[in-house]
Amino acid sequence: MDNRPIGIYDSGLGGLTVWREVRRALPCEALVYLGDGKNCPYGSRPREEVARLADEAVGRLVAEGCKMVVVACNTATAAAIGALRAKYAPLPIVGMEPAVKPACLATRSGVVGVLATERSLDGDLFRRTAARYGSGIEVVAAPGRGFVELVEGDREATDEAERTVRLAVAEMLARGADQIVLGCTHYPFLIPVLRRVVAGRGVEIVDPSPAVARRVVQLLDAGGLRCDPDREPRYDFLTFADEAYQLRLERKAFGR
Ligand code: DGL
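Just so you know, we're using the numbering used here here: the sequence shown kicks off at 61 and counts up by one.
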């Protein structure tokens with residue numbers, strides 16, 4: 061039994077989509093969520109800078125006594141996961157993987173769309189994953205330009221959000237994509253508007269966060285790291301921004 065918390069980190073509010081799934085899968089576990097906030101968005105920053113920010117964030121979660129860390133940010137995973145695992149070993153660190161594999165297995169049209177930040181799309185992780193699972197399949201990638209800003213500004217339910225999403229998916233829809241992979245943890249907050257935009261086209265939206273939560277469960281079990289099952293869970297929210305942002309993290313986590 062191990063009652064230390066699980067740390068979950070993102071550039072901002074996006075990793076809360078993973079936090080929700082981890083909480084659902086492991087309702088007794090204490091969770092510490094760190095949403096950087098001060099340096100968000102990461103998506104167009106140089107790789108070295110994202111790696112440095114990720115290191116600082118994981119260091120903070122380690123200092124909080126976390127037994128495991130989930131890097132709930134595709135951009136930080138792509139930039140730094142190897143270095144983080146090496147530096148903080150034997151701490152188990154779970155990263156995000158673009159869910160290209162399940163989408164390639166499920167596609168009927170042979171065309172898979174991927175939405176992610178610019179930094180994730182030009183990284184090795186995406187290129188390798190697309191090459192590995194996408195043979196014989198057309199993978200149409202597009203940056204979700206403006207998506208992170210919409211979510212950070214709580215503007216998911218606006219006309220602006222609908223216009224922004226429509227523009228980003230136009231090409232993949234025109235090429236016949238029947239799967240759209242969400243390769244950034246902010247994007248699931250835009251699922252309601254995405255559903256409206258693709259309505260009637262038989263398109264499936266692939267959110268990898270439930271699979272990440274399953275991976276967390278597996279690793280907890282493998283390491284004998286589960287907490288006492290009778291425990292009341294504790295949820296903490298940290299940020300490198302200000303107190304107002306910390307309150308926003310908390311509100312968004314509980315859907316308020
Ligand atoms: N939520 C992050 C991701 O999964 C980063 C978004 C950003 O800060 O640009 O990539």
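Ideal Cβ placement from N, Cα and C applies to all residues, glycine included.
- Only buried fits P268, as 16 or more other CB atoms lie within 10 angstroms of its CB.
- Judged by the Cβ position, P101 qualifies as a neighbour of the ligand DGL at the 6 Å threshold, a heavy atom of the ligand being closer than this.
- In the DSSP assignment, P203 forms a beta bridge with A176.
- Taking the CA atoms as reference points, A159 sits about 32 Å from M61.
- When the Cα atoms are used, F297 and A85 turn out to be separated by approximately 19 Å.
- For the ligand DGL, no non-hydrogen atom lies closer than 6 Å to the CB of G283.
- The shortest C-alpha to C-alpha distance from G97 to any of A301, R316, R308 and G315 is the one to A301.
- With a contact defined as Cβ atoms closer than 8 Å, V78 and V272 qualify at about 5 Å.
- In the three-state DSSP reduction, L254 falls in the helix class (H, G or I).
- Per the C-alpha coordinates, the member of L165, T167, F186 and A163 positioned closest to A136 is F186.
- When secondary structure is reduced to three states using DSSP, G119 falls in the helix class.
- Annotation: L279 is outside any beta strand (DSSP E); the continuous alpha helix (DSSP H) that includes it extends over S269 to A282.
- The shortest CA-to-CA distance from F249 to any of S104, I265, A117 and G173 is the one to I265.
- DSSP, reduced to helix, strand and coil, places L285 outside both helices and strands of the structure shown, so it counts as coil.
- When DSSP states are grouped into helix, strand and coil, D184 belongs to the helix group.
- The three-state reading of DSSP puts F249 in helix, counting H, G and I together.
- Remark: C-beta atoms of G173 and M128 do not approach each other more closely than 7 Å.
- DSSP places T299 inside the beta strand (DSSP E), whose first and last residues are Y295 to T299.
- Nearest to P270 by C-alpha distance, out of G103, L113, P162 and N99, is P162.
- Secondary structure at E198: strand, using DSSP grouped into helix, strand and coil.
- Spanning the alpha carbons of P65 and R188 requires a straight line of approximately 32 Å.
- In this structure the segment 224–244 lies against the segment 192–200, because at least three pairs of beta carbons, one per stretch, are closer than 8 Å.
- Within the same chain, Cβ atoms closer than 6 Å to the Cβ of R294 are found at A90, the five residues on either side in sequence being excluded.
- Secondary structure at D70: strand, using DSSP grouped into helix, strand and coil.
- Residues R107, V110 and A111 of the same chain have their beta carbon placed closer than 6 Å to that of A139, with the five preceding and five following residues left out of the count.
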